[in-house]
Amino acid sequence: MNINNYDNDNDDDDDDDDDDGDDDDDDDDDDDDDDDDDDDDNNKCLNWQWLINLTGEEFPLKTNLELVHILTIMKGFNDVWIDPCTEHGPSQTWHGCRESTNSRFTERWAHSSAPPHFVQPYKGQIHVVLTRAMVDFILHSSEAREIYKWALTTLICDEVFFSTLNANKHLQAPGSNAG
1 MNINNYDNDN
11 DDDDDDDDDD
21 GDDDDDDDDD
31 DDDDDDDDDD
41 DNNKCLNWQW
51 LINLTGEEFP
61 LKTNLELVHI
71 LTIMKGFNDV
81 WIDPCTEHGP
91 SQTWHGCRES
101 TNSRFTERWA
111 HSSAPPHFVQ
121 PYKGQIHVVL
131 TRAMVDFILH
141 SSEAREIYKW
151 ALTTLICDEV
161 FFSTLNANKH
171 LQAPGSNAG
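With UniProt numbering, you'll find the sequence shown wraps up at 179, consecutive numbering, no jumps.
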């Protein structure tokens, strides 16, 4: 099976002309059919378009069909909350959250090094919807890896990472909608 060809039906793999004369050909064909079913299942798993990141306490309130319809309307954009950060951390939108952990949060943010690639840091949420192209960018881009390593030095790395990647136009992250 070629995992790069998602539409591969494996029709060429079926051998109808078996010359061995065994009476157990039907058993072999059944095994081949099972393999074809497994290949179809594998292809379905490989052919995804969006990553929806939810926490363990959440459950989608839309059906898969409704989600696909909504995401198709978005025309390839990611859905990522973006809140600008100051040199002291996230903006006043997160003031209530910052009060409860003020000393630890401020200390961790202040000791974080400057972000790489001249990015402006942004804060968001862990709940994101990313296109497959964005996920590929995250996994294979050296810029994304360096920004991830930097984000690990902040208190809220998961909430900073996705928003920062998505909001900085000069990174040319697929599906980013800054501006």
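Where a beta carbon is used, it is the ideal one built from N, C-alpha and C, also for glycine.
{"Query": "Just checking, does the region 64-73 make contact with the region 147-154 on the three C-beta pairs under 8 Å criterion?", "Result": "no"}
{"Query": "Can N168 and Q120 be called in contact, C-beta distance under 8 Å?", "Result": "yes"}
{"Query": "What residues are listed by DSSP as bridge partners for T131?", "Result": "W50"}
{"Query": "Going straight from the alpha carbon of W50 to that of V160, what length do you get?", "Result": "20 Å"}
{"Query": "Mapping DSSP to helix, strand and coil, what is R98?", "Result": "With a pLDDT of 46 at R98, under the threshold of 50, the modelled position of this residue cannot be trusted, and the question is left open."}
{"Query": "Kindly indicate which three-state DSSP category T93 falls into: helix, strand or coil?", "Result": "The predicted position of T93 is uncertain, since its pLDDT is 42 and thus under 50; a value taken from the coordinates is nonetheless stated next. Here T93 sits in helix by DSSP."}
{"Query": "Would you mind reading off the limits of the alpha helix (DSSP H) that contains I68?", "Result": "It is Val, not Ile, that sits at residue 68 in the sequence shown. Taken as a continuous stretch (DSSP letters only), the alpha helix (DSSP H) holding V68 covers 64-73."}
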